[in-house]
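Chemist:
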Amino acid sequence: MNQKNILEVKKLNMMYTTLEGNVNAVKDVSFEIKKGSSFGLVGESGCGKTSVAMTLMQLQSDNAKIVSGNIIFNGQEMVGLNEKELRKIRWGGISIVFQGAMNAWNPVIKIGEQIREAIREHYPENTRSENTNKINTLFKMVGLEPNVADRYPHELSGGMKQRAVIALSLSCDPKLIIADEPTTALDVVIQDQILKEIKKVQEDLDLSLIYISHDIAVIAEMTDYMAVMYAGRIVETGKTKDIFKNPKHSYTRMLLDSTPSIIGDKKMLKSLDGEPPSLMDNFSGCSFAPRCPQPSDNCSSGNAEMGLIEVGDGHFADKCCVECG
Amino acid sequence: MKKNIIEVKNLSKYFEVSRGIFQKKSIVKAVDDISFFIPQGESLGLVGQSGCGKTTTARTLTLLEEKTKGSVNVYNSKTNLLESIDNLDEDQLKEFRRNIQMIFQDPYEAMNPRWTIKDTVKEPLLIHNLGSPEEQEEAVKEILKTVGLTPPENYLNRYPHELSGGQRQRVAIARALIMKPKFVICDEPTSMLDVSIRISIMDLMLELARDLGVSYLYITHDLAVARYMCNRIAVMFNGKIVEIAETEELLKNPVHPYTKRLISSIPVPDPTYERKVYDINFDEIDSLIEKHGSDKPMIDIGNEHYIATHDVKGLI
Ligand SMILES: Nc1ncnc2c1ncn2[C@@H]1O[C@H](COP(=O)(O)OP(=O)(O)O)[C@@H](O)[C@H]1O
Ligand SMILES: Nc1ncnc2c1ncn2[C@@H]1O[C@H](COP(=O)(O)OP(=O)(O)O)[C@@H](O)[C@H]1O
Ligand SMILES: [Mg+2]
Ligand SMILES: [Mg+2]
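Just so you know, the sequences run in chain order D and C.
For the working numbering, add 115 to where a residue sits in the first sequence, where the first one is 1.
For the working numbering, add 402 to where a residue sits in the second sequence, where the first one is 1.
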């Protein structure tokens, strides 16, 4: 493992078993995250972003199974660890802001007590006043008044609940935070405040960040590096700036062309017609072929070879789509 | 000059709410003295944070809520006149409901889960008693094609829960458009959808404006979406419209602090772009509005760019 990396994911494959068949939600996913950097994961809903996040935390649902691959956090292989070993890394090493977490607070317990419980689990030797101080510090960090600790979830606005979720995710001093669509249900001004808060916390605590969103504009704001996911696979990855400047995969281009902006000349947007393929089928060849604007013969005949090739310094894209042009 | 499809003057909608059994009732001014007009074939964006009164405005204009004060005049294609929505008789009400339609944020809420897509889309025709059953079925197929649900036969007998969010929103649009309305009020119609589907629905609506002359009041909290959809934008804050201007003018030369704040909070799909930071305390804006009078008309600072006057006195 490269000392500069906090996380390395190698050829990760995960599937869900369902009555209808197997859902291959994570396919050959590889990426690494440099210490202190932010990494974005973007793609349409259903492409597997949350599945990647949950697999990294090893909190995937019961019908999920890691088929193969490695997750190396801070030099330690996580695949195959038992629950007790995992618990040490979870929250204290990697923590997550779940998609929809702000609506998952227990309604009958005060916010502060719920955070206290998480800290107590991780630091059983802490005194009560140490934990109270810690909660106050966390709240200050995310822009909440200390008295919010004594309130119940329903007494808080959406934005405040989400700030409290971020405080919770920081409560066991993680090194890496995964934020899964933390602003999706919020309105733009609140979203802006939360994004700023996350950035500030990341810098102040020198954290690494995985930021998940279906909105490529938010990824542009938040991340140094990014990966574009399509049908369970990473189809393009590299520095965020490079990908926006010089997208190589037609899916990435289509995402960019379908995102409205308030700056620059007003331009017509292109819609991205069709839907991603079912993750149930084991298609051969390129999963993007049915939606590709200019598939090569190889691609449309289903013979395309999949896999990332380097197209620039640290910039990788699917071989098939680079050839399709 | 183009005729207006709607003219709204000093419209207010207050709600009486009681915060506890023993407490006095208090009044929420959800919509507080707003005025605007929309020329035929154009669309006006209504933007602002959640809770600022956008939905209440829409519900008041479509008579789902009774207004507290003010006047609303809507174009009647039969008489070729702008007519007040007050005291409509039954026939006029029917005509009104034909000309003005609403598309909701969550299409699921507005649909009966036990009705097939065919019945859902056809219902307005039944209510208005338009056409024979065969003609109605043809009209349903035609409109499903228009909104991109093709072939329509694949959708007619399905139920709302069997469709994706994007498909359901298309059904809602089909249902709204089957009456060939002149004016459609859209309340965040694409905010629950993926970007990819969002554009095809927005393009569809723009196409209908071009081809059928439909006008829109397009409600959203996302200025980037409003820019794509609308000729002009009205910015709403705490029940009041604080600024209205042509879209590009508003984005280039925002005047009201709230508009500036809203613009500065929109993420930009360009990692090299440095957004201007414009932090402002909303309570401060609110107290200035109170202090400098909120009941005065807006003023035109040129280019038909209107701002609330409390702002001229207080903040510029
Ligand atoms: N517990 C589960 N069982 C079966 N399929 C699942 C489960 N969770 C997610 N999926 C499927 O896995 C795919 C990826 O889902 P997800 O990771 O949630 O995508 P995203 O976060 O990008 O929207 C989808 O097709 C989804 O339906
Ligand atoms: N039926 C109602 N009774 C009482 N208050 C209401 C009602 N409907 C809306 N409000 C209040 O009016 C204000 C504006 O709400 P709304 O029009 O839904 O805003 P928006 O659509 O911009 O989010 C809010 O403070 C809301 O709580
Ligand atoms: Mg997800
Ligand atoms: Mg609303």
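Yeah, the Cβ is synthetic: ideal placement off N, Cα and C, and Gly gets one too.
For D434(C), report the span of its beta strand (DSSP E) as first-last.
Modeler: By one-based count along the second sequence, residue 434(C) stands at place 32. Where D434(C) is concerned, the enclosing beta strand (DSSP E) stretches over K427 to P441.
Chemist: Quick one: give me the first and last residue of the alpha helix (DSSP H) that Y366(D) is part of.
Modeler: Taking the first sequence and counting its residues from 1, one reaches residue 366(D) at position 251. It spans S365 to D372 - the alpha helix (DSSP H) in which Y366(D) sits, taken as one unbroken run.
Chemist: Of all the options H530(C), I621(C) and T459(C), which has the alpha carbon lying nearest to the alpha carbon of N412(C)?
Modeler: If you number the second sequence from 1, residue 412(C) lands on position 10. Measuring from the Cα of N412(C), the nearest candidate turns out to be T459(C).
Chemist: Say the cut is 7 Å; is the CB of E296(D) nearer than that to a heavy atom of ligand 3?
Modeler: The residue you call residue 296(D) lines up with position 181 of the first sequence. True, at least one ligand heavy atom lies under 7 Å from that Cβ.
Chemist: Within 10 Å of its beta-carbon, does I718(C) have 16 or more other beta-carbons around it, so buried, or fewer, so exposed?
Modeler: Residue numbering aside, residue 718(C) sits at position 316 when the second sequence is read from its first letter. Only weak support exists for where I718(C) lies, its pLDDT of 45 falling under 50; the coordinates are left without a value.
Chemist: Excluding five sequence neighbours on each side, which residues of the same chain lie with their C-beta closer than 6 Å to the C-beta of G417(D)?
Modeler: Numbered from its first residue, the first sequence carries residue 417(D) at position 302. The residues are S399 and G400.
Chemist: Does Q118(D) come out as helix, strand or coil in the three-state DSSP assignment?
Modeler: Walking along the first sequence from the start, residue 118(D) turns up at place 3. Note: Q118(D) maps to coil in three-state DSSP.
Chemist: Please name the residue, chosen from D288(D), D319(D), D330(D) and P268(D), that lies closest to P297(D) on a Cα-to-Cα basis.
Modeler: Taking the first sequence and counting its residues from 1, one reaches residue 297(D) at position 182. Nearest option by C-alpha distance: D330(D).
Chemist: My understanding is that M344(D) touches L156(D), with C-beta atoms under 8 Å, so please give their C-beta distance in whole angstroms.
Modeler: The residue given as residue 344(D) occupies position 229 in the first sequence. The residue given as residue 156(D) occupies position 41 in the first sequence. So it is a contact: roughly 6 Å between Cβ atoms.
Chemist: Report the neighbours of Y630(C) on chain D: residues whose CB is nearer than 8 Å to its CB, in chain order.
Modeler: In the second sequence, residue 630(C) corresponds to position 228, counting from 1. Per Cβ cutoff of 8 Å: P375, K381 and L384.
Chemist: Return the residues of the stretch 655–671 of chain C that lie within a Cβ-Cβ distance of less than 9 Å from chain D, sorted by chain order.
Modeler: Within the stretch 655–671 of chain C, the qualifying residues are R663, L664, I665, S666, S667, I668, P669, V670 and P671.
Chemist: Would you call the stretch 492–504 of chain C in contact with the stretch 621–631 of chain C, where contact means no fewer than 3 C-beta pairs closer than 8 Å?
Modeler: They do not touch, by the three-pair rule.
Chemist: From D295(D) to C414(D), what does the alpha carbon distance come to, in whole angstroms?
Modeler: Numbered from 1 along the first sequence, position 180 holds the residue referred to as residue 295(D). Numbered from 1 along the first sequence, position 299 holds the residue referred to as residue 414(D). Roughly 32 Å separates the two Cα atoms.
Chemist: Given that a residue counts as buried once 16 or more other Cβ atoms are within 10 Å of its Cβ, and exposed if not, what is R231(D)?
Modeler: Here residue 231(D) refers to the residue found at position 116 of the first sequence. The residue is buried, with at least 16 neighbouring Cβ atoms inside 10 Å.
Chemist: Taking any Cβ of chain D, which residues in the stretch 437–455 of chain C have a Cβ under 7 Å from it, in chain order?
Modeler: Listed by position, the residues of the stretch 437–455 of chain C near chain D (Cβ gap below 7 Å) are Q451 and S452.
Chemist: In chain order, what residues of the same chain have a beta carbon less than 8 Å from the beta carbon of N241(D), not counting five sequence neighbours either side?
Modeler: Taking the first residue of the first sequence as 1, we reach residue 241(D) at position 126. Around N241(D): I234, R235 and K249.
Chemist: According to a CB-to-CB cut-off of less than 8 Å, which residues of the stretch 317–332 of chain D neighbour chain C?
Modeler: Per Cβ criterion, the list reads H329, D330, I331 and A332.
Chemist: Could you work out which residues of chain D lie near P673(C), taking near to mean beta carbons separated by less than 7 Å?
Modeler: Taking the first residue of the second sequence as position 1, residue 673(C) is located at position 271. Going along chain D in sequence order, the residues near P673(C) (Cβ under 7 Å) are A335, T355, K356 and F359.
Chemist: For a contact defined as C-beta to C-beta under 7 Å, what are the partners of V257(D) on chain C?
Modeler: Sequence index remark: in the first sequence, residue 257(D) carries index 142 (1-based). Simply none; closest approach about 16 Å.
Chemist: Would you kindly check if the distance between the Cβ of K426(C) and the Cβ of N467(C) is under 8 Å?
Modeler: For the purposes of this step, residue 467(C) is identified with residue 65 of the second sequence, where counting begins at 1. For the purposes of this step, residue 426(C) is identified with residue 24 of the second sequence, where counting begins at 1. Note on identity: in this sequence residue 467(C) is Glu, with Asn being the wrong assignment. Cβ distance not < 8 Å, so E467(C) and K426(C) don't count as in contact.
Chemist: To the nearest angstrom, how far is the alpha carbon of E686(C) from that of P659(C)?
Modeler: Taking the first residue of the second sequence as position 1, residue 686(C) is located at position 284. Taking the first residue of the second sequence as position 1, residue 659(C) is located at position 257. Near 10 Å, if we compare the C-alpha coordinates of P659(C) and E686(C).
Chemist: Can you name, in chain order, every residue of its own chain whose Cβ lies under 8 Å from the Cβ of F154(D), other than the five neighbours on each side?
Modeler: Here residue 154(D) refers to the residue found at position 39 when the first sequence is read from its first residue. Only F146, I148, S323, L324, I325, Y326, T338, D339, Y340, M341 and A342 meet the Cβ criterion.
Chemist: Along the chain, where does the beta strand (DSSP E) containing I377(D) start, and where does it finish?
Modeler: The residue given as residue 377(D) occupies position 262 in the first sequence. Note, I377(D): premise wrong, no beta strand (DSSP E); not H, not E.
Chemist: Less than 8 Å between the CB atoms is what I'm expecting for K584(C) and S617(C), so what's the real figure, rounded?
Modeler: As a first step, residue 584(C) must be located in the second sequence, where it is residue number 182. As a first step, residue 617(C) must be located in the second sequence, where it is residue number 215. Right, their Cβ atoms sit about 7 Å apart.
Chemist: Count the other CB atoms, across all protein chains shown, that sit within 10 Å of the CB of A168(D); report buried if there are 16 or more and exposed otherwise.
Modeler: Along the first sequence, read from residue 1 onward, the residue named residue 168(D) stands at position 53. Looking at its Cβ environment, which holds 16 or more other Cβ atoms inside 10 Å, A168(D) is buried.
Chemist: So what does I224(D) bridge to, in DSSP terms?
Modeler: Residue mapping note: residue 224(D) aligns to position 109 of the first sequence, counting from 1. Per DSSP, none; premise fails for I224(D).
Chemist: In its own chain, which residues sit with a C-beta less than 6 Å from the C-beta of C436(D), not counting the 5 before and 5 after it?
Modeler: As a position in the first sequence, residue 436(D) is number 321, starting the count at 1. Excluding positions up to five away in sequence, the list reads H364 and S365.
Chemist: Using a Cβ-based criterion (distance less than 7 Å to any ligand heavy atom), does G155(D) qualify as near ligand 1?
Modeler: Your numbering for residue 155(D) matches position 40 in the first sequence. No, the beta carbon of G155(D) sits no closer than 7 Å to any heavy atom of ligand 1.
Chemist: Compare the C-beta of V627(C) against all C-beta atoms of chain A and say whether one is closer than 8 Å.
Modeler: The chain labelled as chain A is not found among the protein chains of the depicted structure, namely D and C.
Chemist: So does T165(D) have its beta carbon nearer than 7 Å to some heavy atom of ligand 3?
Modeler: Here residue 165(D) refers to the residue found at position 50 of the first sequence. For ligand 3, at least one heavy atom lies less than 7 Å from the Cβ of T165(D).
Chemist: In this structure, how does DSSP classify E537(C) when only helix, strand and coil are distinguished?
Modeler: As a first step, residue 537(C) is located in the second sequence; it is residue number 135 there, counting from the start. Helix, per DSSP.
Chemist: Please report whether the beta-carbon of I378(D) lies at a distance below 8 Å from any beta-carbon of chain C.
Modeler: Locating residue 378(D) in the first sequence gives position 263, counting from the first residue. Chain C, which has a Cβ nearer than 8 Å to the Cβ of I378(D), makes this yes.
Chemist: Just to confirm the assignment, what range does the alpha helix (DSSP H) spanning D357(D) have?
Modeler: Residue mapping note: residue 357(D) aligns to position 242 of the first sequence, counting from 1. Its alpha helix (DSSP H) spans residues T355 to K360.
Chemist: Let me see if you follow: with CB-CB separation under 8 Å, is L653(C) close to chain D or not?
Modeler: The sequence position of residue 653(C) within the second sequence is 251, counting from 1. For L653(C), the answer is yes, since a Cβ of chain D falls inside 8 Å of its Cβ.
Chemist: Closest Cβ-Cβ distance between I580(C) and chain D: below 8 Å?
Modeler: On the second sequence, position 178 is the one that residue 580(C) refers to. With 8 Å as the cut-off, I580(C) does not count as an interface residue toward chain D.
Chemist: Which residues, in order along the stretch 614–626 of chain C, keep a beta-carbon less than 9 Å from a beta-carbon of chain D?
Modeler: Correct list: H623, D624, L625 and A626.
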